[in-house]
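Here is the structure we will look at, set down as structure tokens.
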Amino acid sequence: MEYLPNILFAAILVLGIGYFARNIKKIIRNIKLGQKIDASDNKSQRWKNLAYIALGQSKMVKRPVSGFLHIIVYVGFIIINIEVLEIIIDGLFGTHRIGQEYLPTALYGFLIGAFEILAVLVLVSVTLFWLRRNVIKIKRFLSSEMKGWPKNDGNIILYFEVVLMCLFLVMNATDTSFQSMASGNIISQFIAPWFEGFSAETLHIIERTAWWLHIVGILIFLNYLYFSKHLHILLAFPNVYLGSVEPKGKFNNLEAVTNEVKLMMDPDADPYAAPAETAEEEAPAKFGASDVMDLSQIQLLNAYTCTECGRCTSACPANLTGKKLSPRKIMMDTRDRLEEVGKNIDANKGEFKDDGKQLLGDYITNEELWACTTCNACVEECPVSINPLSIILEMRRYLVMEQSAAPMELNNMMTNIENNGAPWPYNQMDRLNWKDE
Amino acid sequence: MLSNFLTKQTIEMSEQLKVPTMAEFMAEGKQPEILFWVGSAGSYDDRAKKITKAFVKVLNKANVEFAVLGTEESNTGDVAKRAGNEFLFQMQAVMNIEVLNAYEIERIVTCDPHSFNCIKNEYPSLGGNYDVVHHTQFIQELIETGRLTIEGNTYKGKRITFHDPCYLGRANNVYDAPRNVLKKTNATLTEMKRHKGTALCCGAGGAQMFKEPEKGNMDINVLRTQDALETNPEIIATGCPYCNTMMTDGVKFKEKESEISVMDIAELIADA
């Protein structure tokens, strides 16, 4: 019976991490439903992006208030998690504050003191975040795609953080041996008096309860990530690394199209030649994207990484002028559809059964796609290198090349280019007339 | 010097504008310093043609040996690509690349950021590798190397605000060249609250120029014009023929066309 808490702790730990790992595997499987894409180029630039944009949060601070608050929560999250290491060791081996025992008092005090200060700063930041979402009502948190679950999700994450930070501080405040050490209790010494008059027994119970709730809370939070918009705390890093390192204006050239164009332009090509044996077995290439499987794996990773902050949407010229398009919604729709496809695969023993739905039409409408000016404002804004524009372009490609479903005026424009090499119906031979006018 | 009859006649007809074609250079067995890619707007659109001519005036003034493709130039395919028609884009690109490579073109300048972006970034993987510069970059280069001097004081003290074209700024990170050139006019440069990386699109990009906007509560060019009006400008400077049209329409919508003119940097320099 002596080892019961240790066994219980180990069981909870394995359960918590195991369930999380299972869901991470699911995410990886879903992302792999997308088209393979090579991102092995420009390694040094990619590492630089990882350092500056992801670790260094360089794009977050472009909006100073939310950027600064975010850095506090981010640093707090990373550093306070060192404390989790101690909790895990203590939990598994039945020790109490192993750091206090083995580290020099000054160092241990310094560490815990730093955690306590950060915990308070996180509490302040999270409160301000909550006010921004619920009281100040910043416009980008009120868009139509932010109703219901996305709104609650944002708040639940904030509540989680408040609870975790409070538990950490209470745990320290009611730990009599830690308080008597009188080093590192920078904040908790002011909380300790709230518990004055409690018996040593009661204090111990409160301390143990806070300790257990803290670690269980962290495990619940870890598992909540998969169901929330909050995966960015993990996925931002690979996402930024894999993000584009090309000029933003450079859109990819479709290779399948290049092959066909080359064949058309090749004077030696024999149009009546029998197709090569290998070509026959290959499915004809689909141009553009109508569903998540047509998108690239990086675009699908983008969708899981999006934390729905809405900076993209608040900079989108179409959205700012009341059009339906919202780059954030493009990312949310992509993830929702990908999750739906994933669940379909789970329910059908590992195989996707056609559900008569797709990303185009059932989630993203033509109206949204045609409202985009391809101005790259959304790409510029995203603090974690997500590219909503690339998805819009792939879907336009599908509409135009597979469905001939461009707006009529655009069809006219394209016919003009085909016929006379200009978007307007002017004669190619008049191209130089301007110099004589 | 080009000395054939056709060129002479052309010069007289167009107020001393010298616009030699690649074919003419080829006939003389010469290679120009740079190819001027005029682009579809610059060739056919009435407003954009003025920008084209202004830039030629600048090139002539600086004695730049340049050439145009003339009737051998075709649409870059940029707008088709952004509308989703990759086929049409690549057909256009391959045709243009064939012409450009046949003339052994190495350097290209254009007044259109969309052509600039497309030829610079999207032609290389299709076999077209050129050093492509935007006309504001080229003008800056001409000034820095002393080939072009701005003596006049036409714009001294005038309030000018520059609207960043998306395909020059965000798309290719060219923010300084147009501003450096504008500074040479001794004008007072003011910045809109949204500028450089956060500049708002004029509303024409992504093939929007050729269609009606989707339902909304306002047109994008009007919102962008409001940005510009907040700086109380006398001139709104642009570096893109499409931005120029959109901003001109925006200024008209706000009934400010008698107070504010929308001008391309090439026009400002040509008149400076």
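These protein sequence lines are chains Z and F, in that order.
Numbering follows this note's numbering, with no gaps: position 12 of the first sequence is 12.
If you count the second sequence from 1, you need to add 437 to reach this note's numbering.
For every residue, glycine included, the Cβ atom is placed at its ideal position computed from N, Cα and C.
The model shown is predicted, which means the values in this text are computed figures rather than measured ones.
Check: Three-state secondary structure (DSSP) of Phe473 of chain F; Outcome: strand
Check: Sheet register partners of Ile712 of chain F (DSSP bridge); Outcome: Summary: the structure shown does not reach residue 712 of chain F, with chain F confined to residues 438 through 709, and so no result is reported for it.
Check: C-beta neighbour in chain Z for Tyr567 of chain F, strict 8 Å; Outcome: no
Check: Close-in-space but distant-in-sequence residues of the same chain around Thr105 of chain Z (CB under 7 Å, 5 per side omitted); Outcome: Met181, Ser183
Check: Contact set between Ala520 of chain F and chain Z, taken where Cβ atoms lie within less than 8 Å; Outcome: Arg396, Val400, Ala406, Leu410, Met413, Met414
Check: Leu320 of chain Z at chain F interface by Cβ criterion, 8 Å; Outcome: yes
Check: Interface residues of chain Z facing Ile657 of chain F [CB-CB closer than 8 Å]; Outcome: Pro317, Ala318, Leu320, Thr321, Thr373
Check: Three-pair Cβ contact test at 8 Å for the region 333 to 348 of chain Z versus the region 655 to 667 of chain F; Outcome: no
Check: Where Ala21 of chain Z sits in the DSSP three-state scheme; Outcome: helix
Check: Distance, Glu394 of chain Z Cα to Leu295 of chain Z Cα; Outcome: 8 Å
Check: Under 9 Å by beta carbon: chain Z residues contacting Asp693 of chain F; Outcome: Residue identity differs from the one stated: residue 693 of chain F is Lys in this sequence, not Asp. Correct list: empty, because the minimum Cβ distance to chain Z is about 19 Å.
Check: Length of the line joining the Cα atoms of Asp713 of chain F and Leu69 of chain Z; Outcome: Within the shown structure, residues of chain F are numbered from 438 to 709, placing residue 713 of chain F beyond reach of any answer.
Check: Best match in F:Leu496, F:Val456, F:Gly634 for proximity to Glu704 of chain F [C-alpha to C-alpha]; Outcome: F:Leu496
Check: Three-state secondary structure assigned by DSSP to Gly56 of chain Z; Outcome: coil
Check: Closer than 8 Å to chain Z by CB, Gly676 of chain F; Outcome: no
Check: Check whether Val61 of chain Z and Ala236 of chain Z have beta carbons under 8 Å apart; Outcome: no
Check: Partners in chain Z for Ala517 of chain F, counting only beta-carbon separations shorter than 7 Å; Outcome: Met414, Ile417
Check: Pairwise C-alpha distance: Ala485 of chain F and Phe599 of chain F; Outcome: 17 Å
Check: beta-carbon Val61 of chain Z near the ligand MG non-hydrogen atom, thresh 7 Å; Outcome: Here there are no bound small molecules, and the ligand MG is not part of this structure.
Check: Proximity winner among Z:Glu196, Z:Gly249, Z:Asp175, Z:Leu213, relative to Gly642 of chain F (alpha-carbon distances); Outcome: Z:Gly249
Check: Simplified DSSP assignment, three categories, for Gln574 of chain F; Outcome: helix
Check: Closer than 8 Å to chain Z by CB, Glu449 of chain F; Outcome: Because the pLDDT of Glu449 of chain F is 43, which lies under 50, any placement of that residue in the model is unreliable, and the question is left without a value.
Check: Among Z:Ala371, Z:Ser199, Z:Lys32, the one whose alpha carbon lies nearest that of Gly640 of chain F; Outcome: Z:Ala371
Check: 8 Å Cβ cutoff, Gly634 of chain F in contact with chain Z; Outcome: yes
Check: Identity of the residue in Z:Val257, Z:Pro238, Z:Ile392 nearest Leu50 of chain Z by Cα; Outcome: Z:Pro238
Check: Residues bridged to Phe599 of chain F [DSSP beta-bridge criterion]; Outcome: F:Ala674
Check: Partner residues on chain Z for Leu660 of chain F, Cβ-Cβ distance less than 8 Å; Outcome: Pro317, Leu320, Thr321
Check: Whole-angstrom C-beta distance between Asn387 of chain Z and Asn319 of chain Z, which should lie under 8 Å; Outcome: Actually they do not touch by this definition, with Cβ atoms about 17 Å apart.
Check: Which of helix, strand or coil DSSP assigns to Met655 of chain F; Outcome: coil
Check: Amino acids of chain Z, ordered along the chain, whose beta-carbon sits closer than 9 Å to that of Glu649 of chain F; Outcome: Pro407, Glu409
Check: Exposed unless 16 or more other CB atoms sit within 10 angstroms - verdict on Gln453 of chain F; Outcome: exposed
Check: Residue-chain proximity (Lys431 of chain Z, chain F), Cβ-Cβ < 8 Å; Outcome: In the sequence under discussion, the amino acid at residue 431 of chain Z is Arg, which differs from the Lys named in the question. Cβ-Cβ to chain F under 8 Å: yes for Arg431 of chain Z.
Check: contact_flag[the region 108 to 125 of chain Z, the region 193 to 205 of chain Z] where n(CB pairs < 8 Å) is 3 or more; Outcome: no
Check: Alpha-carbon to alpha-carbon, Asn669 of chain F and Lys691 of chain F; Outcome: 13 Å
Check: Proximal chain F residues relative to Pro267 of chain Z, where beta-carbon distance stays under 7 Å; Outcome: Result: empty, since nearest Cβ-Cβ is about 12 Å, beyond 7 Å.
Check: Bounding residues of the beta strand (DSSP E) (the contiguous stretch that carries Met700 of chain F); Outcome: 698 to 701
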